[in-house]
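*Asks:*
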Amino acid sequence: MDQTAAIYAEIAARRESLIALTQELIRIPTLNPPGQHYREICDYLAARLEPQGFAVSMVRAEGAPGDSEQFPRWNLIARREGGGPGDCVHFNSHHDVVEVGHGWSRDPFGGELDGGRIYGRGACDMKGGLAASIIAAEAFLAACPGFRGAIEISATADEESGGFGGVAYLAERGWFAPERVQHVIIPEPLHKDRICLGHRGVWWAEIETKGRIAHGSMPFLGDSAIRHMGAVLEEIEATLYPLLAGKHTAMPVIPEGARQSTLNINSIHGGQAEPPAGNTGLPAPCVADRCRIIIDRRFLIEEDVAEVKREVTALLERVKAARPTFAYEVRDMFEVQPSMTDREAPIVRSTAAAIARVLGREAQYVVSPGTYDQKHIDRIGRLKNCIAYGPGVLDLAHQPDEWVGVDDMADSARVMALVLAELLAQ
Ligand SMILES: [Zn+2]
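Rendered as structure tokens:
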């Protein structure tokens with residue numbers, strides 16, 4: 089039997105194990121926020137991987153946002169050394185899941201199997217991908233025991249809230265340094281025939297307009313921060329949105345609507361604070377002395393973040409020129425550089441070749457509209473040879489009745505195992 093046939097046979101033999109593993113991972117409700125059961129899921133994975141020769145490290149991201157004695161940010165890194173020198177292929181999955189939300193017809197933590205689908209919060213994003221990568225590694229180890237290099241599997245915290253207690257923490261401590269890891273696959277649910285090369289950039293900022301409080305019956309004695317913000321919003325509509333719509337990217341972003349720069353006005357608050365629940369009183373008549381919006385600007389690899397910020401300051405300066413008492417402040421909240429791995433990078437080439445062999449069709453190259461943990465591996469870890477590739481339908485992520493298909497998981501496990509064979513087999 090040749091190597092490919094041996095790998096396929098090992099994966100086929102593990103179909104029940106793949107299903108059970110996915111179900112058991114879903115049944116550990118690793119909700120974020122607040123960050124529940126992180127240690128439990130890491131212990132569960134350690135108990136599976138250690139007997140197979142993986143050296144397991146448990147790393148708590150002490151002091152990271154959200155880390156506390158009640159909700160410690162635990163991460164697991166499992167490493168299996170081969171018989172000789174070679175590259176290390178690392179599979180990184182986040183183990184946290186988002187809140188359940190409303191509208192479920194299945195038990196969100198039941199891991200129910202029905203019609204070839206496994207249901208539950210995190211089934212698709214991304215416990216199905218984690219399970220597929222583990223089965224891929226186990227099948228490869230059985231089929232190619234004499235491999236060289238190393239395989240790593242990590243399960244990391246907090247991707248859904250920025251990854252600072254997970255991949256960012258590990259990358260800062262050298263876990264993704266190019267001398268110890270050479271190839272990274274993040275099994276996020278991009279679908280089994282797609283290779284995700286990276287993501288757009290992000291800039292979040294808070295813009296505040298300032299005014300002066302006065303009695304609401306005599307607004308002319310004050311200066312309304314809300315009216316100033318209205319002028320800002322008008323200027324955004326009139327000039328910024330058309331400018332952004334004209335910026336197109338060579339990044340293959342999906343969906344196609346995100347193949348340009350985008351801006352979301354995330355929230356707006358002005359004047360009196362929202363009354364607490366149950367309050368039945370009327371508001372007091374006041375002129376708003378401040379108004380704030382939070383903007384969520386997604387930018388392209390062709391754009392520079394400094395230029396992205398200058399566009400907003402220029403816009404505010406235009407408003408200021410037209411309104412004598414206009415005063416504003418811009419506060420940076422968060423920024424992420426765009427990331428896009430080269431199509432000729434080794435992990436991209438071997439994954440594309442494996443997709444063609446397993447599925448009999450060409451791989452599609454895509455870029456994600458939003459960010460994921462690749463940002464930390466790229467910027468902090470300095471590791472460019474990284475992609476997202478995994479089973480599941482991206483649109484189902486964070487939705488009620490989220491599911492992952494067993495056949496899709498098995499196919500992508502085949503792809504991942506063939507990647508291991510190409511990069512690590514003797
Ligand atoms: Zn995810």
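Per the working numbering, the sequence shown starts with residue 89, numbered consecutively. Where is the CB? At the ideal position from N, CA and C, for every residue including glycine.
Mind pulling the alpha helix (DSSP H) runs of 4 or more residues that sit fully within the segment 460-504?
*Replies:* 462-467
*Asks:* Relative to ligand 1, is the shortest distance from any of its heavy atoms to the C-beta of residue 182 smaller than 7 Å?
*Replies:* As a first step, residue 182 must be located in the sequence shown, where it is residue number 94. Answer for residue 182: yes, Cβ within range of ligand 1.
*Asks:* Given a cut-off of 8 Å, decide if residue 512 and residue 102 are closer than it, judged by their beta-carbon atoms.
*Replies:* Here residue 102 refers to the residue found at position 14 of the sequence shown. Here residue 512 refers to the residue found at position 424 of the sequence shown. It is not a contact, given that the beta carbons lie outside the stated cut-off.
*Asks:* So is residue 158 buried or exposed if we call it buried at 16+ other beta carbons inside 10 Å?
*Replies:* Mapped onto the sequence shown, residue 158 falls at position 70. Per the 10 Å Cβ criterion, exposed.
*Asks:* May I have the straight-line CA-CA distance separating residue 173 from residue 514, to the nearest angstrom?
*Replies:* Residue numbering aside, residue 173 sits at position 85 when the sequence shown is read from its first letter. Residue numbering aside, residue 514 sits at position 426 when the sequence shown is read from its first letter. Looking at the two C-alpha atoms, the distance is approximately 11 Å.
*Asks:* Rank 307, 474, 121 and 509 by C-alpha distance to the C-alpha of residue 264 and give the top, closest one.
*Replies:* Your numbering for residue 264 matches position 176 in the sequence shown. When only C-alpha atoms are compared, the closest one is 474.
*Asks:* Should residue 455 and residue 212 be called a contact, given that it needs their Cβ atoms to be closer than 8 Å?
*Replies:* Counting from one through the sequence shown, the residue named residue 455 turns up at place 367. Counting from one through the sequence shown, the residue named residue 212 turns up at place 124. Contact: no.
*Asks:* So does the segment 407-414 actually touch the segment 382-398, counting three or more Cβ pairs closer than 8 Å?
*Replies:* no
*Asks:* Taking only the alpha-carbon atoms, compute the straight-line gap between residue 197 and residue 463 and give it to the nearest angstrom.
*Replies:* Mapped onto the sequence shown, residue 197 falls at position 109. Mapped onto the sequence shown, residue 463 falls at position 375. Their Cα atoms are separated by approximately 29 Å.
*Asks:* Just verifying my parser: in three-state terms, what is the DSSP assignment at residue 280?
*Replies:* Taking the sequence shown and counting its residues from 1, one reaches residue 280 at position 192. In the structure shown, residue 280 sits in coil (DSSP, three-state: anything other than H, G, I, E or B).
*Asks:* Should residue 246 be listed as close to ligand 1, given that the test is whether its C-beta is under 7 Å from any heavy atom?
*Replies:* Numbered from its first residue, the sequence shown carries residue 246 at position 158. No, Cβ of residue 246 sits at least 7 Å from all heavy atoms of ligand 1.
*Asks:* Just the C-alpha distance for residue 187 and residue 205, rounded to the nearest angstrom, thanks.
*Replies:* The residue labelled residue 187 in the question sits at position 99 within the sequence shown. The residue labelled residue 205 in the question sits at position 117 within the sequence shown. In this structure, the CA atom of residue 187 is about 21 Å from the CA atom of residue 205.
*Asks:* Compare the C-alpha of residue 389 against each of 338, 369, 430 and 398 and name the closest.
*Replies:* Numbered from 1 along the sequence shown, position 301 holds the residue referred to as residue 389. Among 338, 369, 430 and 398, the Cα nearest to that of residue 389 belongs to 338.
*Asks:* Where does residue 429 sit, in a helix, a strand or coil, going by DSSP?
*Replies:* Position 341 of the sequence shown, counted from the first residue, corresponds to residue 429. In the structure shown, residue 429 sits in coil (DSSP, three-state: anything other than H, G, I, E or B).
*Asks:* How is residue 209 classed by DSSP in three states: helix, strand or coil?
*Replies:* Start at 1 with the first residue of the sequence shown, and residue 209 comes out as number 121. For residue 209, the secondary structure class from DSSP, reduced to helix, strand or coil, is coil.
*Asks:* What separation, rounded to the nearest whole angstrom, lies between the Cα atoms of residue 345 and residue 373?
*Replies:* Translated into the one-based positions of the sequence shown, residue 345 becomes position 257. Translated into the one-based positions of the sequence shown, residue 373 becomes position 285. Each residue's alpha carbon lies about 43 Å from the other.
*Asks:* For ligand 1, is there any heavy atom lying closer than 7 Å to the beta carbon of residue 460?
*Replies:* For the purposes of this step, residue 460 is identified with residue 372 of the sequence shown, where counting begins at 1. Within the chosen limit of 7 Å, ligand 1 reaches the beta carbon of residue 460 through at least one heavy atom.
*Asks:* By the three-class DSSP mapping on this structure, what secondary structure does residue 150 have?
*Replies:* Here residue 150 refers to the residue found at position 62 when the sequence shown is read from its first residue. Three-state result, residue 150: coil.
*Asks:* For the beta strand (DSSP E) containing residue 240, name the first residue and the last one.
*Replies:* Stepping through the sequence shown from its first residue, residue 240 is reached at position 152. For residue 240, the enclosing beta strand (DSSP E) begins and ends at 238-244.
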